[in-house]
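For what it's worth, numbering that gives the first Met the number 0 labels the leading residue of the sequence shown as 0, then goes sequentially.
Here is the structure we will look at, set down as structure tokens.
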Amino acid sequence: MKKIKKLPLLLSCLFLLTTLSSCNTEEIGDRIETTVNDMLPNLYITLVQLALFIIMVVVFVLVAYKPIKKKLKQRQDYIEKNIKDSEKEKAEASKLLNNAKQTVFDSEQKAIEIVKNAQVTAENKINDVQKELEIKIENQKIQAHKDIEAEREKMLKEAKSEIVDAAISTSKEILGREVKVSDNDKFVDDFINEIEKK
């Protein structure tokens, strides 16, 4: 890159040297003076050009730069507002998401607690029903034993009554006299005791 920049400089120096070596000095002096005079413009033309340039700059600033700058500022403000709104909405969405997650977690915990309570209640009811059933069964057993015992007593009384009647009628026939109730009860009790022993 540097070699390319140096090449035109080198060529122009070479051209200048060849020009200087081939010409006489007076001619060279005149040429340099005309070249310098040609290079420097007229002062009035320069001032007019400078004034036109300043006017163009002012017109450019007023017509193009300020409106463009204003539009760019509006666009920048709009973008910044959108960014702020987006960040605000993102924060709100994040907050709502966290609230929703917390609500779901709380609901799951409540559901677990309800299920546990339902299980405990069901187990308690099952235990209560089992206890009631056991009590009913026990009461029915006791009642059955009482009923059996009452039936047994009833049957024994009926048997005793029949035996007494049979014994009285047999005793009357055997003894030929009337047997007292106390004698009859004694015979029946002895007979029943002998049956129970067997």
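By construction, the Cβ of each residue, glycine as well, lies at the ideal position given by its N, Cα and C atoms.
Among the options, the one whose alpha carbon lies nearest that of residue i
i	options	result
residue 188	162, 103, 146	162
residue 159	88, 191, 108	191
residue 155	104, 53, 105, 194	194
Whole-angstrom distance between residue j and residue i, CA atom to CA atom
i	j	result
residue 185	residue 152	18 Å
residue 142	residue 134	12 Å
residue 47	residue 82	50 Å
residue 118	residue 110	12 Å
residue 95	residue 57	54 Å
residue 114	residue 150	52 Å
residue 33	residue 52	28 Å
residue 124	residue 97	40 Å
residue 157	residue 169	18 Å
residue 145	residue 137	12 Å
residue 61	residue 54	10 Å
residue 108	residue 120	18 Å
residue 100	residue 91	14 Å
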